[in-house]
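Engineer:
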């Protein structure tokens, strides 16, 4: 029954229609509004150099000459590479003009503007007429990269969860063709903290339709953040089933791991992995047992960023979502570490999924991919059929075609991963970097002369100028290093064939072994358990469940074997057996006096990292400063040294106690 409307007071419609026109806002997406705002800022900067310096005046008196000047100014001050992207920028400027002038853009001027971009400016600024491409990805690539990430990858992650989340992100994108912004915080919606949340997950223990005695986990995931329909309409829901052939590819296993880490289960009976299978038996009158999540967790993102706590430790932020830009940096770094010729971006997994959905009808493809036009879908698909054999009427050579159309064809883990010390020293002599360092070094003694110590000058204009100079040096150095790394990477793949041929000719075939001396051995043990690549029909159900439980227990234990980023390239695992390393010192007196007492007292660190002995006192002092302990402890701080129960109330007394009681002198 229709809801009755509340009767309003009589309105004088004659007076109403004679009032001023209402202001109607465009129904634009937040990302579009953000792009328009950036265009406005750039146009204001450009017109500030004109007479009069009023952007509204130039919008009202717009001519092709004004537009050309603005576009040339933008090209001169920004790194624009592709014509297609610049055409989008020009389109946003026209939308900005329409909003400001509350009018349609003149048709003739729009046509001339497009011709200007496509001919004159494209030629003069040598804009690329192509488009960014993504390396093709198939199941072999995903299987290798997932194993490599878990077992041997040496890329430094802030937390263990950051590495696991990248792996989950890859698997979910290939399983559903989702855009990254559907699962994590999109770069177009910064600070929205909107990503895949626990409220979007439904987890069930179900009876297998073909074998009622067999019970399996099933998960449904709602994609409510699809492009163009964020939090609107009816979102598509994707279903995940257990993957027992390779547990490392099972998304359900990943989500269970995060649920235990977040203590997200609503039932108080589910506290450890085995409880999932102990207490979720499906009643005879039902087909499933829902596994609920806490109401307090429903609005919390599943993928969350790393942050530093008050003592400088990297932790998983309790509420803030994982950001696309950070995930993208990790993706490029890990793809290089795995030896892929073209790292690409996270979108390569969406492209890989699209290639395997090309058999679907147009409507289904659009729904799954989140497209409005079927033509867009075609851009994701490359030729993956044996056209040669089709013409010659011979059986298709699918295995070779599969190899040729994925990025593993040119993969080589022996590709250079970092710059040599000699190359870094050469880059430090770059004229631009040298000039910036000279300016920074001139400001430093000036600050010390005025304030005696750098920190005492904090807040002054000179100190801010010094900080800007330091940031410019850091930025220029990073830019030089990145360009040099890319150059070495490209040169390696351009000449690797000649190098292999030459070595074979000389009778010295290339042999390469990965250096895993800095990789936690527990990661390799977990990977060996999860990547068995077995036929599950030939494995007993009880064994499959036990493997799942053991996998979850190992995953959760791995989060308590953290190694600080500063030690990840220093601590080695190729010496004595890790089992022979005492987790805690057996004596209250340190033999070397060069261990960090704070690290010794942490429960979530690997024993090797806990007991790491620094080379010198100054190195230990710098490391100790990263803990950011306060000068006073109002509530008292128990001594971190294992076995000591002394409570200290200030940092000086804490240090004095370490020296007298434990022989650690800062």
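Numbering (my numbering), first residue to last: 13 to 678.
Here a beta-carbon is modelled for each residue, glycine too, at the ideal position from N, C-alpha and C.
Being a predicted model, the structure only gives us computed values, none of them experimental.
(1) I think residue 177 touches residue 356, with their Cβ atoms under 8 Å apart; what is that distance to the nearest whole Å?
(2) Just how far apart, CA to CA, sit residue 344 and residue 352?
(3) Look at the Cβ atom of residue 660, then the Cβ atom of residue 649, and state whether they are nearer than 8 Å.
(4) Can you give me the C-alpha to C-alpha distance between residue 51 and residue 108, rounded to a whole angstrom?
(5) What residue range does the beta strand (DSSP E) around residue 647 cover?
(6) In the DSSP assignment, find the unbroken beta strand (DSSP E) run with residue 234 in it and report its ends.
(7) In the DSSP output, which residue or residues are listed as bridge partners for residue 318?
(8) If you run the structure through DSSP and keep just helix, strand and coil, what is residue 218?
(9) Under the assumption that residue 197 contacts residue 335 (Cβ atoms under 8 Å), give the Cβ distance between them as a whole number of angstroms.
(10) Could you give the DSSP three-state label for residue 523: helix, strand or coil?
(11) Alpha helix (DSSP H) containing residue 668: first to last residue?
(12) Between residue 579 and residue 621, how many whole angstroms is the CB-CB distance? I'm expecting something under 8 Å.
(13) Can you give me the C-alpha to C-alpha distance between residue 220 and residue 543, rounded to a whole angstrom?
(14) Which whole-angstrom value is the C-beta distance of residue 529 and residue 584, which I expect to be below 8 Å?
(15) Can you look up residue 23 in the DSSP assignment and give me helix, strand or coil?
(16) Which class does residue 659 belong to by DSSP, given the choice of helix, strand or coil?
(17) Among the residues of its own chain, which have a CB less than 8 Å from the CB of residue 261, if the five just before and after it don't count?
(18) What is the C-beta distance between residue 209 and residue 310, in whole angstroms, given that I count them as a contact (C-beta under 8 Å)?
(19) Looking at residue 186: is its Cβ nearer than 8 Å to the Cβ of residue 364?
(20) Find out if the Cβ-Cβ distance for the pair residue 216, residue 314 is shorter than 8 Å.
(21) Quick check: the Cα distance between residue 253 and residue 231, rounded to an integer number of angstroms?
(22) In angstroms with no decimal places, state the Cα-to-Cα distance between residue 538 and residue 491.
(23) So, helix, strand or coil for residue 357, using DSSP?
(24) Three or more C-beta pairs under 8 Å: does that hold for the stretch 492–510 against the stretch 425–432?
(25) Quick one: grab the DSSP three-state call for residue 197.
(26) Going straight from the alpha carbon of residue 406 to that of residue 192, what length do you get?
(27) Pull up the distance between the alpha-carbon of residue 92 and that of residue 129, whole angstroms please.
(28) Hey, quick one: how far does the beta strand (DSSP E) through residue 533 stretch, first residue to last?
(29) If you draw a straight line from the alpha carbon of residue 112 to that of residue 199, how long is it in whole angstroms?
(30) I need the boundaries of the alpha helix (DSSP H) containing residue 264, first residue and last residue.
(31) Starting from the Cα of residue 68, find the closest Cα among 56, 278, 403 and give me that residue.
(32) Between the Cα of residue 502 and those of 518, 348, 477, spot the shortest distance and give me the residue it belongs to.
(33) If you drop the 5 nearest sequence neighbours on each side, which residues of the same chain put their C-beta closer than 8 Å to that of residue 120?
(34) Does DSSP put residue 529 in a helix, a strand or coil?
(35) Can you tell me which of the three DSSP states residue 491 falls into?
(36) Check residue 140 in the structure and name its three-state DSSP category.
Structural biologist: The answer reads as follows:
(1) For the purposes of this step, residue 177 is taken as residue 165 along the chain shown, with counting starting at 1. For the purposes of this step, residue 356 is taken as residue 344 along the chain shown, with counting starting at 1. 19 Å between Cβ atoms; not a contact.
(2) In the chain shown, residue 344 corresponds to position 332, counting from 1. In the chain shown, residue 352 corresponds to position 340, counting from 1. Rounded to the nearest angstrom, the two C-alpha atoms are 10 Å apart.
(3) Locating residue 660 in the chain shown gives position 648, counting from the first residue. Locating residue 649 in the chain shown gives position 637, counting from the first residue. Judged by their CB atoms, residue 660 and residue 649 are nearer to each other than the 8 Å cut-off.
(4) Here residue 51 is taken as the residue at index 39 of the chain shown, counted from 1. Here residue 108 is taken as the residue at index 96 of the chain shown, counted from 1. Residue 51 and residue 108 have their C-alpha atoms some 7 Å from each other.
(5) As a first step, residue 647 is located in the chain shown; it is residue number 635 there, counting from the start. Segment 644–650, the beta strand (DSSP E) holding residue 647.
(6) Numbered from 1 along the chain shown, position 222 holds the residue referred to as residue 234. Element bounds for residue 234: 223–234.
(7) Position 306 of the chain shown, counted from the start, is the residue given in the question as residue 318. Paired residue(s): 328.
(8) Counting from 1 along the chain shown, the entry for residue 218 is found at position 206. The answer is strand: DSSP assigns residue 218 an E or B state.
(9) Stepping through the chain shown from its first residue, residue 197 is reached at position 185. Stepping through the chain shown from its first residue, residue 335 is reached at position 323. Contact holds; Cβ gap of about 5 Å.
(10) The count along the chain shown starts at 1 and reaches residue 523 at position 511. Coil.
(11) In the chain shown, counting from the first residue as 1, residue 668 sits at position 656. That run of the alpha helix (DSSP H) goes 663–674.
(12) The count along the chain shown starts at 1 and reaches residue 579 at position 567. The count along the chain shown starts at 1 and reaches residue 621 at position 609. Cβ-Cβ separation between residue 579 and residue 621: approximately 5 Å, consistent with a contact (criterion under 8 Å).
(13) The residue you call residue 220 lines up with position 208 of the chain shown. The residue you call residue 543 lines up with position 531 of the chain shown. Rounded to the nearest angstrom, the gap between the Cα atoms of residue 220 and residue 543 is 24 Å.
(14) The residue you call residue 529 lines up with position 517 of the chain shown. The residue you call residue 584 lines up with position 572 of the chain shown. The beta-carbon separation of residue 529 and residue 584, rounded to 5 Å, stays under the 8 Å limit for a contact.
(15) As a working mapping, residue 23 is identified with position 11 in the chain shown. Residue state, collapsed to three classes: coil.
(16) Looking up residue 659 in the chain shown gives position 647. Residue 659 sits in a strand when the DSSP states are folded into three classes.
(17) In the chain shown, the residue the question calls residue 261 occupies position 249. 154, 155, 158, 183, 255, listed in sequence order.
(18) Residue mapping note: residue 209 aligns to position 197 of the chain shown, counting from 1. Residue mapping note: residue 310 aligns to position 298 of the chain shown, counting from 1. Right, their Cβ atoms sit about 7 Å apart.
(19) Mapped onto the chain shown, residue 186 falls at position 174. Mapped onto the chain shown, residue 364 falls at position 352. A Cβ-Cβ contact shorter than 8 Å links residue 186 with residue 364.
(20) Within the chain shown, residue 216 is the residue found at index 204, counting from 1. Within the chain shown, residue 314 is the residue found at index 302, counting from 1. No. Outside cutoff.
(21) By 1-based counting over the chain shown, the position of residue 253 is 241. By 1-based counting over the chain shown, the position of residue 231 is 219. Each residue's Cα considered, the two are about 6 Å apart.
(22) As a position in the chain shown, residue 538 is number 526, starting the count at 1. As a position in the chain shown, residue 491 is number 479, starting the count at 1. Using only the alpha carbons, I get a separation of about 37 Å.
(23) Here residue 357 refers to the residue found at position 345 of the chain shown. Looking at residue 357 - three-state DSSP - the assignment turns out to be coil, as it is neither helix nor strand.
(24) By the Cβ rule, the stretch 492–510 counts as touching the stretch 425–432, because three or more pairs are nearer than 8 Å.
(25) If you number the chain shown from 1, residue 197 lands on position 185. In the three-state reduction of the DSSP assignment, residue 197 falls in the strand class.
(26) The residue given as residue 406 occupies position 394 in the chain shown. The residue given as residue 192 occupies position 180 in the chain shown. Rounded to the nearest angstrom, the two C-alpha atoms are 41 Å apart.
(27) Numbered from its first residue, the chain shown carries residue 92 at position 80. Numbered from its first residue, the chain shown carries residue 129 at position 117. Approximately 12 Å, taken between the alpha carbons.
(28) Numbered from its first residue, the chain shown carries residue 533 at position 521. Segment 533–542 is the alpha helix (DSSP H) holding residue 533; no beta strand (DSSP E) there.
(29) In the chain shown, the residue the question calls residue 112 occupies position 100. In the chain shown, the residue the question calls residue 199 occupies position 187. For residue 112 and residue 199, the distance between alpha carbons rounds to 26 Å.
(30) The count along the chain shown starts at 1 and reaches residue 264 at position 252. Per DSSP, the unbroken alpha helix (DSSP H) holding residue 264 starts and ends at 263–274.
(31) Start at 1 with the first residue of the chain shown, and residue 68 comes out as number 56. Of the candidates 56, 278, 403, the residue whose Cα lies closest to the Cα of residue 68 is 56.
(32) In the chain shown, counting from the first residue as 1, residue 502 sits at position 490. With distances taken between Cα atoms, residue 502 lies closest to 348.
(33) Taking the chain shown and counting its residues from 1, the one referred to as residue 120 is at position 108. For residue 120, same chain residues with a beta-carbon under 8 Å away, outside a window of 5 residues either side, do not exist.
(34) Residue 529 sits at position 517 when you count from the first residue of the chain shown. In the three-state DSSP reduction, residue 529 falls in the coil class, being neither helix nor strand.
(35) Here residue 491 corresponds to residue number 479 of the chain shown, with the count starting at 1. Helix at residue 491.
(36) The residue given as residue 140 occupies position 128 in the chain shown. Three-state DSSP puts residue 140 in a strand.
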